[in-house]
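K.L.:
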Amino acid sequence: MKTIQYLSFLFLLVPIMGISQDTTATFTSIEEALKTPNQVIRLDLSDQEIDFSLKSLREFKNMEFLSLRNDHLEQLPIEILELEQLRVLDLSGNDFTELPEEFFKLKNLEELYLNDEKRLNFTQSIDVLSKLPNLKILHLENDHISEFPENIFKLEKLENLYLNDNDLHEIPQSIQKMNQLKYLDIQRNPIPPSIQNTFNQNGNVLIRF
22 MKTIQYLSFL
32 FLLVPIMGIS
42 QDTTATFTSI
52 EEALKTPNQV
62 IRLDLSDQEI
72 DFSLKSLREF
82 KNMEFLSLRN
92 DHLEQLPIEI
102 LELEQLRVLD
112 LSGNDFTELP
122 EEFFKLKNLE
132 ELYLNDEKRL
142 NFTQSIDVLS
152 KLPNLKILHL
162 ENDHISEFPE
172 NIFKLEKLEN
182 LYLNDNDLHE
192 IPQSIQKMNQ
202 LKYLDIQRNP
212 IPPSIQNTFN
222 QNGNVLIRF
């Protein structure tokens, strides 16, 4: 049985890696990217002291991947919502508390990173994310989450959910309402073995404890 679960996990990794890890050239400087904005598919501005206007983001009409990881943003740049081709967005390690209601405009977004977000209102954020028609992968690692948001089941299209390195003690039954969910990662959470055994019997979702 362990072998089967392991193989299933490997097969799940293939589509995930296909979304977030691409061989397309990645720009790491917005100044360099602005020289050929229509050619920019991937833009990684992680770990940068952003002192420029993010209004220039709207120039990248073909961008599919954007990382603003660890940029200490207190507000999400509204210009991001104009990136209609965006498929992967990394907002980890910032300081904003809410996602804008207009987030639903990112109709092609498939993968979102919100890990290391200690101030984010997750109940509000999930309500917003539930309006995204193509969101398949959500990262909420290391967010000091002590209980599942009650509205988590609203993410009906979600296939992969990462909640490892939090402070969860149980798994809500509402998880079973997420019919598209295939993989749930809750490693390094203080979930009792009795609960682990109960959910290990659910063959519809591969769970990593």
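First residue of the sequence shown? That's 22 in our numbering, and the numbers climb one at a time after it.
Cβ atoms here follow ideal geometry from the backbone N, Cα and C, with glycine treated the same way.
None of the values given here were measured: they were computed from a predicted structure.
Leaving aside the five residues before and after THR49 along the sequence, list all residues of the same chain whose C-beta is less than 6 Å from its C-beta, in chain order.
P.N.:
Excluding residues within five positions, the ones whose Cβ falls inside 6 Å are ASP65.
K.L.:
Closer than 6 Å by C-beta to LEU34: which residues in its own chain qualify, once you throw out the five before and the five after it? Chain order, please.
P.N.:
Low per-residue confidence applies at LEU34: pLDDT is 49, beneath 50, and the placement is therefore not dependable, though the value from the model is reported in the following sentence. Answer for LEU34: no residue qualifies.
K.L.:
Can you check which of these residues, THR118, GLU162, ILE51, is closest to TYR134 by C-alpha distance?
P.N.:
Among THR118, GLU162, ILE51, the Cα nearest to that of TYR134 is on GLU162.
K.L.:
Please state if the CB of ASP186 and the CB of GLN217 are separated by a distance shorter than 9 Å.
P.N.:
Result no, Cβ atoms of GLN217 and ASP186 do not sit closer than 9 Å.
K.L.:
Span of the beta strand (DSSP E) holding PHE230?
P.N.:
Premise fails: PHE230 is in no beta strand (DSSP E) and is neither H nor E.
K.L.:
Tell whether a beta-carbon distance below 9 Å holds between ASP92 and ASN115.
P.N.:
Yes, the Cβ-Cβ distance between ASP92 and ASN115 is below 9 Å.
K.L.:
Report yes if the C-beta distance between ILE10 and LEU87 is below 9 Å; otherwise report no.
P.N.:
No information on residue 10 is available, as it lies outside the stretch 22 to 230 that the chain covers here.
K.L.:
Please go through the same chain and pick out, in chain order, the residues whose beta-carbon is closer than 6 Å to the beta-carbon of ASP206, but skip the five residues on each side of it.
P.N.:
Within the same chain, ASP206 has close Cβ partners TYR183, ASN185, ARG229.
K.L.:
Could you tell me whether the Cβ atoms of LEU78 and LEU104 are closer together than 9 Å?
P.N.:
In contact: LEU78 and LEU104 (Cβ atoms closer than 9 Å).
K.L.:
Considering only their Cβ atoms, is the gap separating ILE158 from GLU131 smaller than 9 Å?
P.N.:
Against a cut-off of 9 Å, the Cβ pair of ILE158 and GLU131 comes out as a contact.
K.L.:
What would DSSP say about THR49, mapped onto helix, strand or coil?
P.N.:
Here THR49 sits in coil by DSSP.
K.L.:
Could you compute how far the alpha carbon of SER215 sits from the alpha carbon of SER146?
P.N.:
About 30 Å.
K.L.:
Consult DSSP for LEU34 and reduce its assignment to one of helix, strand or coil.
P.N.:
Legend: pLDDT at LEU34 = 49, less than 50; position of this residue unreliable, value from coordinates given subsequently. The answer is helix: DSSP assigns LEU34 an H, G or I state.
K.L.:
Please classify SER167: is it buried, with 16 or more other beta-carbons within 10 angstroms of its beta-carbon, or exposed?
P.N.:
It is exposed - the Cβ of SER167 has fewer than 16 other Cβ atoms within 10 Å.
K.L.:
If you drop the 5 nearest sequence neighbours on each side, which residues of the same chain put their C-beta closer than 8 Å to that of ALA54?
P.N.:
Result list for ALA54: PHE48, VAL61, LEU64, PHE81, in chain order.
K.L.:
In this structure, does DSSP put ARG63 in helix, strand or coil?
P.N.:
Reduced to three states, the DSSP call for ARG63 is strand.
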